[in-house]
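Engineer:
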Amino acid sequence: MTAEPLGAAAIEVRRSRFYAHLYRFEGSEDAAGVLAGHREAYRKAAHHCAALRCGTLEEFKNDGEVGRPGRILLDLLRKHGLGSHALVVSRIFGGVLLGPGNVGRAFRDAGEAAIREAGVTR
Numbered sequence: 001m002t003a004e005p006l007g008a009a010a011i012e013v014r015r016s017r018f019y020a021h022l023y024r025f026e027g028s029e030d031a032a033g034v035l036a037g038h039r040e041a042y043r044k045a046a047h048h049c050a051a052l053r054c055g056t057l058e059e060f061k062n063d064g065e066v067g068r069p070g071r072i073l074l075d076l077l078r079k080h081g082l083g084s085h086a087l088v089v090s091r092i093f094g095g096v097l098l099g100p101g102n103v104g105r106a107f108r109d110a111g112e113a114a115i116r117e118a119g120v121t122r
């Protein structure tokens with residue numbers, strides 16, 4: 001990956017595995033490299049959802065996943081006051097459909113765990 005994560009966490013929900021990483025960067029151009037690195041590191045993952053805050057720029061990507069997990073990850077960055085950060089969560093499908101609510105909760109829990117691991121909680 002292009003940048004070292006500040007914090008990383010992995011959780012499992014109904015046989016699906018969620019890998020979350022929190023990154024800090026200086027410019028929004030670094031975000032594309034971070035996401036590309038995540039896709040490379042987790043090739044088996046069906047979805048790579050991400051949220052980014054850099055100055056006034058705020059973006060999120062759901063990558064075709066149900067439950068709007070990108071938006072949930074962006075809300076986590078806002079909640080913890082993390083500017084110039086990206087939160088990326090990759091899901092390796094475990095064969096059990098979770099539904100939008102459980103998917104959203106799983107992405108939120110993975111993101112929260114990565115933020116706690118980084119020690120940047122409010």
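Note that the sequence shown covers residues 1 to 122 in the UniProt record's numbering. Think of the CB as a built atom: it goes at the ideal place given N, C-alpha and C, for glycine as much as any other residue. Bear in mind that the values here come from a model prediction, so they are computed numbers and not experimental data.
(1) So what does DSSP say about R24, is it helix, strand or coil?
(2) Jot down the residue ranges of each uninterrupted alpha helix (DSSP H) in the UniProt domain "Impact N-terminal" (14 to 115), minimum 4 residues, whole runs only, in chain order.
(3) DSSP three-state label for E117, please.
(4) Who are the near neighbours of A12 in its chain, counting only those whose CB is closer than 8 Å to its CB and skipping five residues on each side?
(5) Measure the Cβ-Cβ separation of L77 and H85 and say whether it is below 8 Å.
(6) If we call anything under 8 Å between Cβ atoms a contact, is S90 one with A36?
(7) Leaving out the 5 sequence neighbours to the left and right, which residues in its chain are closer than 6 Å to A31 when beta-carbon positions are compared?
(8) Any heavy atom of the ligand HEM closer than 7 Å to the beta-carbon of G7?
(9) When the Cα atoms are used, what is the spatial distance from M1 to E40?
Structural biologist: Let's see:
(1) Here residue 24 refers to the residue found at position 24 of the sequence shown. If DSSP states are grouped into helix, strand and coil, R24 belongs with the strands.
(2) Qualifying alpha helix (DSSP H) stretches, in chain order: 29 to 41 and 69 to 79.
(3) Residue numbering aside, residue 117 sits at position 117 when the sequence shown is read from its first letter. In the structure shown, E117 sits in a helix (DSSP, three-state: H, G or I).
(4) As a first step, residue 12 is located in the sequence shown; it is residue number 12 there, counting from the start. It is worth fixing the name first, because residue 12 is Glu in this sequence and not Ala. Short of 8 Å from the beta carbon of E12, and not among the five residues preceding or following it, lie these beta carbons of its own chain, in chain order: F18 and G94.
(5) Within the sequence shown, the letter at position 77 stands for residue 77. Within the sequence shown, the letter at position 85 stands for residue 85. Yes, these two residues count as a Cβ contact at 8 Å.
(6) As a working mapping, residue 90 is identified with position 90 in the sequence shown. As a working mapping, residue 36 is identified with position 36 in the sequence shown. No, they are not a contact pair.
(7) Within the sequence shown, numbered from 1, the residue matching residue 31 stands at position 31. Excluding positions up to five away in sequence, the list reads L52 and A86.
(8) Within the structure as shown, the ligand HEM is missing, as the structure has no ligands at all.
(9) For the purposes of this step, residue 1 is taken as the residue at position 1 of the sequence shown. For the purposes of this step, residue 40 is taken as the residue at position 40 of the sequence shown. Model confidence at M1 stands at a pLDDT of 45, short of 50, so the residue's coordinates are unreliable and nothing is read from them.
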